[in-house]
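*Asks:* The UniProt record's numbering numbers the first residue of the sequence shown as 1 and each following residue consecutively.
The structure is given below, and queries will be raised subsequently.
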Amino acid sequence: MAMQIFQREEHCKRISKWKARNAKISLEAYRNLIDSRNFSDLSINYLNQIISMHGYKKIHKAPKKVITEAVSSISFANPSRSTLRDEISPSVSATVEAVVSDLNALNWQECSVTSVQSLNSTIHLATKENSNGDKLKGPPSKWAAKRKKRD
Numbered sequence: 001m002a003m004q005i006f007q008r009e010e011h012c013k014r015i016s017k018w019k020a021r022n023a024k025i026s027l028e029a030y031r032n033l034i035d036s037r038n039f040s041d042l043s044i045n046y047l048n049q050i051i052s053m054h055g056y057k058k059i060h061k062a063p064k065k066v067i068t069e070a071v072s073s074i075s076f077a078n079p080s081r082s083t084l085r086d087e088i089s090p091s092v093s094a095t096v097e098a099v100v101s102d103l104n105a106l107n108w109q110e111c112s113v114t115s116v117q118s119l120n121s122t123i124h125l126a127t128k129e130n131s132n133g134d135k136l137k138g139p140p141s142k143w144a145a146k147r148k149k150r151d
């Protein structure tokens with residue numbers, strides 16, 4: 001019985017170490033790294049992920065100091081998407097498929113994307129004629145079919 005408990009504890013320790021060695025770097029950790037430029041606290045796994053996401057081959061079987069020097073020589077890119085800047089038209093909308101495709105290209109797959117919400121600072125008004133020739137104004141979501149009342 002005691003041997004089984006010991007084996008289970010050892011197994012749990014091995015799994016914990018494996019998870020720590022193979023954990024994926026988060027976007028928040030990457031942004032903090034850009035701000036602090038402190039590489040000494042990062043694991044070799046994280047350092048190699050950073051090297052890989054910038055298009056370089058991972059460095060295996062090398063001292064941490066060598067990998068840290070390699071990461072410090074990389075010019076970091078701000079992970080903010082260019083579509084969030086002011087000069088982009090607010091009427092541009094992104095589909096879930098486009099967002100998922102962009103995230104896959106960046107290899108950022110921390111969670112699944114199920115919907116996309118677009119936030120616009122302005123409302124684009126449009127006009128449309130209904131079947132009666134009446135002009136409908138406002139955003140298309142407010143257009144409704146008006147019916148004549150029966151006498």
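Note that beta-carbon positions come from the ideal geometry of N, C-alpha and C, so glycine has one too.
None of these values were measured; they are calculated from a predicted model.
In whole angstroms, what separates the C-alpha of ARG14 from that of ARG21?
*Replies:* For the purposes of this step, residue 14 is taken as the residue at position 14 of the sequence shown. For the purposes of this step, residue 21 is taken as the residue at position 21 of the sequence shown. Roughly 11 angstroms between the two C-alpha positions.
*Asks:* For ASP39, which residues from the same chain have a beta carbon less than 7 angstroms from its beta carbon, with the 5 sequence-adjacent residues on both sides left out?
*Replies:* Translated into positions along the sequence shown, residue 39 becomes position 39. As written in the sequence, residue 39 is Phe, which differs from the Asp given in the question. The residues are LEU47, THR68, VAL71, SER72.
*Asks:* Among SER16, VAL100, LEU27, which has the Cα closest to the Cα of ALA77?
*Replies:* In the sequence shown, counting from the first residue as 1, residue 77 sits at position 77. Cα-wise, what sits closest to ALA77 is LEU27.
*Asks:* Between the beta-carbon of LYS61 and the beta-carbon of ILE51, is there less than 7 angstroms?
*Replies:* In the sequence shown, residue 61 corresponds to position 61, counting from 1. In the sequence shown, residue 51 corresponds to position 51, counting from 1. No, the pair does not count as a contact, with Cβ atoms beyond the cut-off.
*Asks:* Less than 6 angstroms separating the Cβ of GLN49 from some heavy atom of the ligand ADP?
*Replies:* This structure does not include the ligand ADP; it has no bound ligands of any sort.
*Asks:* If you follow the alpha helix (DSSP H) that LYS64 is in, where does it begin and where does it stop?
*Replies:* Along the sequence shown, read from residue 1 onward, the residue named residue 64 stands at position 64. Unbroken alpha helix (DSSP H) run through LYS64: 64–72.
*Asks:* Check whether the Cβ atoms of HIS54 and ILE74 lie closer than 7 angstroms to each other.
*Replies:* By 1-based counting over the sequence shown, the position of residue 54 is 54. By 1-based counting over the sequence shown, the position of residue 74 is 74. Result yes, Cβ atoms of HIS54 and ILE74 sit closer than 7 angstroms.
*Asks:* Could you give the DSSP three-state label for ARG37: helix, strand or coil?
*Replies:* One-based indexing of the sequence shown puts residue 37 at position 37. ARG37 falls in the coil class under three-state DSSP.
*Asks:* Does the beta-carbon of LEU42 have 16 or more other beta-carbons within 10 angstroms, so that it is buried, or is it exposed?
*Replies:* Residue numbering aside, residue 42 sits at position 42 when the sequence shown is read from its first letter. Label assigned to LEU42: buried.
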